[in-house]
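A.B. asks: Going by full-length UniProt numbering, the residue at position 368 of the sequence shown is 368; the numbering climbs one at a time, nothing skipped.
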Amino acid sequence: MVEGSRSDNGSLARTTDGERSQQRPCTPPELAVAPDAVINLELGDPTMYEAFWKEAGERTAVVIPGWRGMSYFSDAGGLCWFLEPEFEREVRRLHRLVGNAAVDGYHLVVGTGATQLSQAAIYALSPADANHPIGVVSPAPYYSAYAPQTDLLLSGFYRWAGDANAMGGDSHIELVCSPNNPDGAIREAVLSSKPGKAIHDLVYYWPQYTPITGTAAHDIMLFTMSKITGHAGTRLGWALVKDLEVAKKMTYFVDRSTIGVSRDSQLRAAKILTLVSDAYDDDKDTRRLFDFAQRCMADRWQALRATVASTGMFSLPEETSGYCTFTKQIVPAYPAFAWLRCEKESVENCRELLRGHGVLAQGGELFGGDARCVRVNMLERDGVFDVLIQRLSSIE
1 MVEGSRSDNG
11 SLARTTDGER
21 SQQRPCTPPE
31 LAVAPDAVIN
41 LELGDPTMYE
51 AFWKEAGERT
61 AVVIPGWRGM
71 SYFSDAGGLC
81 WFLEPEFERE
91 VRRLHRLVGN
101 AAVDGYHLVV
111 GTGATQLSQA
121 AIYALSPADA
131 NHPIGVVSPA
141 PYYSAYAPQT
151 DLLLSGFYRW
161 AGDANAMGGD
171 SHIELVCSPN
181 NPDGAIREAV
191 LSSKPGKAIH
201 DLVYYWPQYT
211 PITGTAAHDI
221 MLFTMSKITG
231 HAGTRLGWAL
241 VKDLEVAKKM
251 TYFVDRSTIG
261 VSRDSQLRAA
271 KILTLVSDAY
281 DDDKDTRRLF
291 DFAQRCMADR
301 WQALRATVAS
311 TGMFSLPEET
321 SGYCTFTKQI
331 VPAYPAFAWL
341 RCEKESVENC
351 RELLRGHGVL
361 AQGGELFGGD
371 ARCVRVNMLE
381 RDGVFDVLIQ
391 RLSSIE
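(1) Where does Leu388 land, buried or exposed, given buried means 16+ other C-beta within 10 angstroms?
(2) Quickly, what does DSSP pair Gln329 with across the bridge? List them, please.
(3) May I have the straight-line CA-CA distance separating Leu161 from Thr150, to the nearest angstrom?
(4) So what's Glu19 in DSSP terms, helix, strand or just coil?
(5) Tell me the rounded alpha-carbon separation between Val62 and Arg235.
(6) Evaluate Ala336 with the Cβ neighbour count: other Cβ atoms within 10 Å of its Cβ, from every protein chain shown; 16 or more gives buried, anything less gives exposed.
(7) I need the DSSP call for Thr234, collapsed to helix, strand or coil.
(8) When the Cα atoms are used, what is the spatial distance from Ala147 to Ile173?
(9) In whole angstroms, what separates the C-alpha of Arg341 from that of Gly184?
(10) Are at least three pairs of beta-carbons, each pair with one atom in the region 215 to 228 and one in the region 198 to 206, less than 8 angstroms apart?
(11) State buried or exposed for Ala166, treating a residue as buried only when at least 16 other CB atoms are found within 10 Å of its CB.
(12) Going along the chain, which residues of its own chain have a beta-carbon closer than 8 angstroms to the beta-carbon of Asp386, five neighbours each way excluded?
(13) Short check: CB of Val246 to CB of Leu125, under 8 angstroms?
(14) Alpha carbon to alpha carbon, how far is Ile212 from Gln87? Give it in angstroms, no decimals.
(15) I'd like to confirm the pairing. Which residues does DSSP put opposite Leu97 in its beta bridges?
(16) What did DSSP end up calling residue 397 once you bin it into helix, strand or coil?
(17) Roughly how many angstroms lie between the CA atoms of Thr215 and Val241, to the nearest whole one?
(18) As a quick exercise: from Tyr280, Ala333, Asp281, pick the residue whose alpha carbon is nearest that of Trp301.
(19) Terminal residues of the continuous beta strand (DSSP E) containing Ser138?
(20) Would you kindly work out how many angstroms separate the C-alpha atoms of Arg6 and Arg287, rounded to a whole number?
(21) Which same chain residues end up closer than 6 angstroms to Gly230 when comparing Cβ atoms and leaving out the 5 residues on each side of it in sequence?
(22) Which runs of the alpha helix (DSSP H) fall wholly inside the region 265 to 347 and span at least 4 residues, in chain order?
(23) Between which two residues does the beta strand (DSSP E) containing Trp160 stretch?
(24) Classify Asn181: buried if its beta carbon has 16 or more other beta carbons within 10 angstroms, exposed otherwise.
(25) With DSSP run on the structure shown, which of helix, strand or coil describes Phe223?
(26) With C-beta atoms as the reference, is Pro133 less than 8 angstroms away from Arg92?
(27) Grouping DSSP H, G and I as helix and E and B as strand, with all else coil, what is Gly184?
(28) Helix or strand or just coil, what does DSSP make of Asp382?
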């Protein structure tokens, strides 16, 4: 395929260096970054998506009358009684469109982001009659928030137990993040746990980040608005849960911890997801979210890999690619984070090296990894990303 060409559904796999300098697709021009500013890439703030939604304009506006949604209940008779029917309908529609997760035969539980739902799932899978807390594990490098989130409540049911690769047996709950945060690797469970003892964190399993190679059909699958559309501020995620009793326990956890989830956020999210899906149902609509995001990610990864190769100071995981059933073409993976390793022998702490050049990133130790590695957010505005490239290029 020629670089810059489109598939039948309008997706773009790559851009050229010349196109990058001319397009600047991911940031409004008024949000420039001062040359001497410290840039914070520690978190996964997805502000890259602002430009797309500004272009969408009033099409995603939602007006909520003062009398609407005053009750705690969205569906008093439903399993997840605080789940808005409009939101559930659009979530299932989007998964069927993209083909990344099975929805038929699954219960949908909504939560305040995937963070709350991961805790709800751990709670639901933990045996209540055990003599000691069950261990929660994930293969290193693992998402840095797993450990503190798991141990925050000092639960007598479960506790953080570390790297799944160092464990044996089936007496653990495994968190499987795929594509993985921080390194973008595609993962399967590494422990031979009993059925239902794995929680699949699939928040990055969308076509702007990785080829959709098949329809995931795990027992528990977690997703979030922030990594699909960039709407981190809605604080909204969902779980697709196969087992009815597990779904009930997860709903109970959300009920007891926050008495449900914002109905207003769900209505806004439903409107946003409607626009995303409608664009792919209309052959004439060129304002397609996944196309926009894939162009941005391809552009950024091309620039980052070129910079890393030219400096010789750093290394990145090898680029992978695969056939994407959504775009119907072979495309590379463009992870939401860069797992950057410092290769200079005299540097033992890559986080401190970057800090000295005005770049804040999370150190590898937080992920159960090496201090010579850092995780860098790839979803910031264009101006921030450009400063990152400039500063990496200047490090000797």
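Don't be surprised by glycine CBs; every beta carbon is placed ideally from N, CA and C.
C.D. replies: In short:
(1) buried
(2) Cys324
(3) One detail in the question is off: residue 161 reads as Ala in this sequence, not Leu. The straight-line gap from Cα to Cα measures roughly 10 angstroms.
(4) In this prediction, Glu19 has a pLDDT of 45, which is less than 50 and means its spatial position is unreliable; nothing more can be read from the coordinates.
(5) 17 angstroms
(6) buried
(7) helix
(8) 13 angstroms
(9) 14 angstroms
(10) yes
(11) exposed
(12) Val33
(13) yes
(14) According to the sequence as given, residue 87 is Phe; it is not Gln. One C-alpha to the other measures close to 23 angstroms.
(15) DSSP, once it has assigned bridges, lists no residue as partnering Leu97.
(16) Here the chain comprises residues numbered 1 to 396, so residue 397 is not present and cannot be evaluated.
(17) 15 angstroms
(18) Ala333
(19) 134 to 138
(20) Confidence at Arg6 is low in this model, with a pLDDT of 38, below 50, so the placement of that residue is unreliable and no value is reported for it.
(21) Pro46, Tyr49
(22) 289 to 311
(23) 158 to 163
(24) buried
(25) strand
(26) no
(27) coil
(28) helix
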